[in-house]
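The sequence shown stops at residue 102 when you use this note's numbering, and every number in between is there. In what follows, a structure is listed as structure tokens, so that the remarks can point back to it.
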Amino acid sequence: MAKSPSTPAIEALAAEIGENIYIDVAKWHLYLAEAHLHTPLAEQVYPLLLEDRLNQGELEKILGGLTVTLGEGKRQLPLLELIPASGVARLLTLLTDYQDNL
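In structure tokens:
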């Protein structure tokens, strides 16, 4: 599978997301960078930031479309179901702040 091209801006956004947002599994916090989910998420949200189309609904749609494979493929869950509601709100704030600095 070919790796999608990444720009410095997307890499910077991915780093912010990866260090600050986590999934919660049995009260364990797995940051998105550790789960290798930060870059795919950044690649999905970055165009919305450039187009000034980011909102709660669009973010939840993206998080709902990114699936996380569990148990060696036995199950897949949308990322939205693994990030706590407070984490989604924090992600929206992080992205809004990032967009303000573009």
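Think of the CB as a built atom: it goes at the ideal place given N, C-alpha and C, for glycine as much as any other residue.
| Can you round the beta-carbon distance between Leu-80 and Leu-63 to whole angstroms, since I take them to be within the 8 Å contact cut? | Residue numbering aside, residue 80 sits at position 80 when the sequence shown is read from its first letter. Residue numbering aside, residue 63 sits at position 63 when the sequence shown is read from its first letter. Sure, about 4 Å apart at Cβ, within 8 Å.
| message | Contact between the stretch 35-47 and the stretch 10-17 is defined here as three or more beta-carbon pairs at a separation below 8 Å; is this criterion met? | response | yes
| Does DSSP classify Thr-67 as helix, strand or coil? | On the sequence shown, residue 67 is found 67 positions in, with the first residue counted as 1. Three-state DSSP puts Thr-67 in a strand.
| So what does DSSP say about Asp-52, is it helix, strand or coil? | As a first step, residue 52 must be located in the sequence shown, where it is residue number 52. Note: Asp-52 maps to coil in three-state DSSP.
| query | In this structure, what does DSSP give as the bridge partners for Ile-104? | reply | With the chain represented from 1 up to 102, any question about residue 104 goes unanswered, as that position is not in the structure.
| task | Please work out which residues of its chain come closer than 8 Å, Cβ to Cβ, to Tyr-46, disregarding the five sequence neighbours upstream and downstream, and give them in chain order. | result | Along the sequence shown, read from residue 1 onward, the residue named residue 46 stands at position 46. Answer for Tyr-46: Ala-9, Ile-10 and Leu-13, listed in chain order.
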